[in-house]
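This report concerns only the one structure given below.
There are 2 protein chains.
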Amino acid sequence: MTKPSSAIETLIDMMARLPGLGPRSARRAVLYLVRKRGQLLGPLAAAMAEVAQTARECVSCGNITTGELCPICTDPRRQNGMLCVVEDVGDLWAMERTGAFVGRYHVLGGTLSALDDVGPEELGLPRLERRITDENVTEVILALNTTMDGLTTAHYVADLLEGRVRITSLAQGVPVGGELDYLDDGTIGAALKARRDL
Amino acid sequence: MTKPSSAIETLIDMMARLPGLGPRSARRAVLYLVRKRGQLLGPLAAAMAEVAQTARECVSCGNITTGELCPICTDPRRQNGMLCVVEDVGDLWAMERTGAFVGRYHVLGGTLSALDDVGPEELGLPRLERRITDENVTEVILALNTTMDGLTTAHYVADLLEGRVRITSLAQGVPVGGELDYLDDGTIGAALKARRDL
Ligand SMILES: [Zn+2]
Ligand SMILES: [Zn+2]
Chain A
1 MTKPSSAIET
11 LIDMMARLPG
21 LGPRSARRAV
31 LYLVRKRGQL
41 LGPLAAAMAE
51 VAQTARECVS
61 CGNITTGELC
71 PICTDPRRQN
81 GMLCVVEDVG
91 DLWAMERTGA
101 FVGRYHVLGG
111 TLSALDDVGP
121 EELGLPRLER
131 RITDENVTEV
141 ILALNTTMDG
151 LTTAHYVADL
161 LEGRVRITSL
171 AQGVPVGGEL
181 DYLDDGTIGA
191 ALKARRDL
Chain B
1 MTKPSSAIET
11 LIDMMARLPG
21 LGPRSARRAV
31 LYLVRKRGQL
41 LGPLAAAMAE
51 VAQTARECVS
61 CGNITTGELC
71 PICTDPRRQN
81 GMLCVVEDVG
91 DLWAMERTGA
101 FVGRYHVLGG
111 TLSALDDVGP
121 EELGLPRLER
131 RITDENVTEV
141 ILALNTTMDG
151 LTTAHYVADL
161 LEGRVRITSL
171 AQGVPVGGEL
181 DYLDDGTIGA
191 ALKARRDL
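Chains as they are written, first to last, in the UniProt record's numbering: chain A, 1 to 198; chain B, 1 to 198.
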């Protein structure tokens, strides 16, 4: 067996590390890219290089962005005083796709977990408390996944902020054990509209 | 709804065009890449740029390579006089993974098809005929997919080369309607060993 050109093999190995792709689908994707190397592979390489150089976390909300503050934090049309707390950026994107939320976000970047040794500081909860004062927040919507760790985290945040802001969570409608990023936009939108006080 | 940063959105749109990825898996892949932007996204961008700039078709066999001739055509350990004819580079890679074939390849880049208006010239069949003379080929193994177009093409090539070389095809063992790239290595290897004269 003769090895393929090392540059192509390296590319296949890297692509196989992406979620949802294995060695076989990575080979198919690379073959497709090589066939469309003018149209797609070159532009894709450039887009990746640009994102690799410019992508960073929004210093305010934790969203992925290319500036210091993300487009949501700087958008003057977004409603002030309302923060939606999510586990990760994928969940923020899922909320945004519904178009149902007009406030701003706070991305925890995970959940409280005794097992993984993640504490309030790692989740930026002191930063959340500062935002509530600085941005005159009156409502915090907890849009965490309904997993055990998500529920634990929701209770912790609710206790932490009790008496300082209105605290709500997404309504029943999010299936127990379900992850936000896998839900259809309608379900998320309906759950947001029917959100209840904790 | 506030649009995500355009560089990230562009990247998601491009990734969604890869086979096996849709919008949802493209978002997950990009999110994963952004999280690993130092470790994976930067190197992946560089690997893609290199392949985009250097990848080309081997002038002899049609394999994808980074030089004028591919590593298989230039490998002195490969057996002379034996050519394996495949539809595309994915099939060549599938054959190579079995480690069962020691000769060289000829990639047609498709099949004869009345519908798509693909003729012998488009498939490089005159080039195949020249190779048979120039490289003193004594056996041509037809390893085409067992689809209607693949079978039509195999018959055409067999007629074209009749009396000039031994012409064999992969043995029964390749399921009818099956595509080489989806088979396990053992099946392909066994079919190659039990190849029969046409
Ligand atoms: Zn932000
Ligand atoms: Zn070659």
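We put the CB at the ideal spot given by N, CA and C, even for glycine.
Please classify Ser25 of chain B: does DSSP put it in a helix, a strand, or coil?
Locating residue 25 of chain B in the second sequence gives position 25, counting from the first residue. Ser25 of chain B falls in the helix class under three-state DSSP.
Can the beta-carbon of Val89 of chain B be found less than 7 Å from the beta-carbon of Ile64 of chain B?
As a working mapping, residue 89 of chain B is identified with position 89 in the second sequence. As a working mapping, residue 64 of chain B is identified with position 64 in the second sequence. Yes, these two residues count as a Cβ contact at 7 Å.
Leaving out five residues on either side along the sequence, give the residues of the same chain with a beta carbon under 6 Å from the beta carbon of Ser113 of chain B.
Residue 113 of chain B sits at position 113 when you count from the first residue of the second sequence. Here the set comprises Asp149.
Where Asn136 of chain B falls, given that 16 or more other Cβ within 10 Å makes a residue buried
The residue labelled residue 136 of chain B in the question sits at position 136 within the second sequence. The residue is exposed, with fewer than 16 neighbouring Cβ atoms inside 10 Å.
Give a single yes or no on whether Asn63 of chain A has its beta carbon closer than 6 Å to a heavy atom of ligand 1.
Counting from one through the first sequence, the residue named residue 63 of chain A turns up at place 63. Checking the Cβ of Asn63 of chain A against ligand 1 gives yes.
Let me confirm a value: Asn80 of chain A is counted as buried when at least 16 other C-beta atoms fall within 10 Å, else exposed. Which label applies?
The residue given as residue 80 of chain A occupies position 80 in the first sequence. The residue in question, Asn80 of chain A, is exposed, as its Cβ has fewer than 16 Cβ neighbours within 10 Å.
Does the beta-carbon distance from Asp181 of chain B to Arg97 of chain B come in below 7 Å?
Start at 1 with the first residue of the second sequence, and residue 181 of chain B comes out as number 181. Start at 1 with the first residue of the second sequence, and residue 97 of chain B comes out as number 97. No, the Cβ-Cβ distance between Asp181 of chain B and Arg97 of chain B is not below 7 Å.
Check for me: the alpha helix (DSSP H) holding Glu9 of chain A runs from which residue to which?
The sequence position of residue 9 of chain A within the first sequence is 9, counting from 1. Taken as a continuous stretch (DSSP letters only), the alpha helix (DSSP H) holding Glu9 of chain A covers 6-15.
Test: Ile64 of chain A CB closer than 7 Å to a CB of chain B:
The sequence position of residue 64 of chain A within the first sequence is 64, counting from 1. Yes, its Cβ sits closer than 7 Å to a Cβ of chain B.
Any non-hydrogen atom of ligand 1 closer than 6 Å to Cys58 of chain A Cβ
Along the first sequence, read from residue 1 onward, the residue named residue 58 of chain A stands at position 58. Because some heavy atom of ligand 1 lies under 6 Å away, the Cβ of Cys58 of chain A counts as near it: yes.
Quick one: using the 10 Å Cβ neighbour count with 16 as the cut-off for buried, is Gly67 of chain B buried or exposed?
Counting from one through the second sequence, the residue named residue 67 of chain B turns up at place 67. The residue is exposed, with fewer than 16 neighbouring Cβ atoms inside 10 Å.
Quick one: does the C-beta of Cys73 of chain A sit closer than 6 Å to a heavy atom of ligand 1?
Taking the first residue of the first sequence as position 1, residue 73 of chain A is located at position 73. It does: the Cβ of Cys73 of chain A is within 6 Å (strictly closer) of some heavy atom of ligand 1.
May I have a chain-ordered list of the beta strand (DSSP E) segments no shorter than 3 residues that lie completely inside the segment 92-169 of chain B?
104-107, 139-142, 166-169
Step through the CB atoms of chain B and report whether any lies within less than 7 Å of the CB of Val34 of chain A.
For the purposes of this step, residue 34 of chain A is taken as residue 34 along the first sequence, with counting starting at 1. Chain B, which has a Cβ nearer than 7 Å to the Cβ of Val34 of chain A, makes this yes.
What's the gap between the Cα of Thr146 of chain A and the Cα of Leu18 of chain B?
As a first step, residue 146 of chain A is located in the first sequence; it is residue number 146 there, counting from the start. As a first step, residue 18 of chain B is located in the second sequence; it is residue number 18 there, counting from the start. Cα-Cα distance, rounded: 32 Å.
Heavy atom of ligand 4 within 6 Å of Cys84 of chain B beta-carbon
Only ligand 1 and ligand 2 can be found as ligands here, which leaves ligand 4 out of the picture.
Taking 7 Å as the threshold (beta carbon to beta carbon), is Thr10 of chain B in contact with chain A?
Counting from 1 along the second sequence, the entry for residue 10 of chain B is found at position 10. Output row for Thr10 of chain B: interface = yes.
Taking the beta carbon of Leu115 of chain A as the centre, do at least 16 other beta carbons fall within 10 Å, making it buried, or is it exposed?
Walking along the first sequence from the start, residue 115 of chain A turns up at place 115. Burial call: exposed.
For the 8 Å Cβ check, are there 3 or more pairs between the segment 36-50 of chain B and the segment 41-54 of chain A?
yes
From the DSSP secondary-structure annotation, give me the bridge partner or partners of Cys84 of chain B.
Within the second sequence, numbered from 1, the residue matching residue 84 of chain B stands at position 84. Bridge partners of Cys84 of chain B: B:Tyr105, B:Ile141.
Quick check for students: name the residue ranges of the beta strand (DSSP E) that lie wholly in the segment 38-91 of chain B, counting only runs of 3 or more.
82-86
Are the C-beta of Val59 of chain B and some C-beta of chain A separated by less than 7 Å?
Indexing the second sequence from 1 puts residue 59 of chain B at position 59. By this cut-off, Val59 of chain B is not an interface position.
Quick check: the Cα distance between Arg195 of chain A and Ser6 of chain B, rounded to an integer number of angstroms?
Mapped onto the first sequence, residue 195 of chain A falls at position 195. Mapped onto the second sequence, residue 6 of chain B falls at position 6. Between Arg195 of chain A and Ser6 of chain B, the C-alpha separation is close to 31 Å.
In whole angstroms, what separates the C-alpha of Pro126 of chain A from that of Pro175 of chain A?
For this step, residue 126 of chain A is matched to residue 126 along the first sequence. For this step, residue 175 of chain A is matched to residue 175 along the first sequence. Roughly 30 Å separates the two Cα atoms.
Using CA coordinates, which residue listed in B:Arg104, B:Glu87, B:Arg56, B:Tyr105 is at the minimum distance from Thr111 of chain B?
The residue given as residue 111 of chain B occupies position 111 in the second sequence. Among B:Arg104, B:Glu87, B:Arg56, B:Tyr105, the Cα nearest to that of Thr111 of chain B is on B:Glu87.
Any idea what DSSP makes of Arg195 of chain B, helix, strand or coil?
Taking the second sequence and counting its residues from 1, the one referred to as residue 195 of chain B is at position 195. In this structure, Arg195 of chain B counts as coil in the three-state DSSP scheme.
Beta-carbon proximity list for Arg164 of chain B, same chain, < 7 Å, skipping 5 on both sides:
Here residue 164 of chain B refers to the residue found at position 164 of the second sequence. So the list reads Ile132, once near-sequence residues are dropped.
Report whether the distance from the Cβ of Leu70 of chain B to the nearest heavy atom of ligand 2 is below 6 Å.
Indexing the second sequence from 1 puts residue 70 of chain B at position 70. Here residue 70 of chain B turns out to be Cys, not Leu, going by the sequence shown. Yes, the Cβ of Cys70 of chain B comes within 6 Å of a heavy atom of ligand 2.
Whole angstroms is fine: what's the gap from Cys61 of chain B's alpha carbon to Cys70 of chain B's?
Here residue 61 of chain B refers to the residue found at position 61 when the second sequence is read from its first residue. Here residue 70 of chain B refers to the residue found at position 70 when the second sequence is read from its first residue. So the alpha carbons of these two residues sit roughly 8 Å apart.
Select from the UniProt domain "Toprim" (81-175) of chain B all residues with a C-beta closer than 7 Å to any C-beta belonging to chain A, and list them in chain order.
Val89, Gly90, Trp93, Glu96, Gly99
Comparing the C-beta of Ala49 of chain A with each C-beta of chain B, is any distance below 7 Å?
Working through the first sequence from its first residue, we reach residue 49 of chain A at position 49. Closer than 7 Å to some Cβ of chain B, the Cβ of Ala49 of chain A qualifies, so yes.
Taking the alpha carbon of Trp93 of chain A as the reference point, which residue from B:Gly189, B:Asp75, B:Glu9 has its own alpha carbon closest?
Sequence index remark: in the first sequence, residue 93 of chain A carries index 93 (1-based). Per the Cα distances, B:Glu9.
Could you list which residues in chain A have their beta carbon closer than 9 Å to that of Thr187 of chain B, in chain order?
In the second sequence, counting from the first residue as 1, residue 187 of chain B sits at position 187. Going along chain A, no residue has its Cβ under 9 Å from Thr187 of chain B, so there is no contact; the nearest lies around 15 Å.
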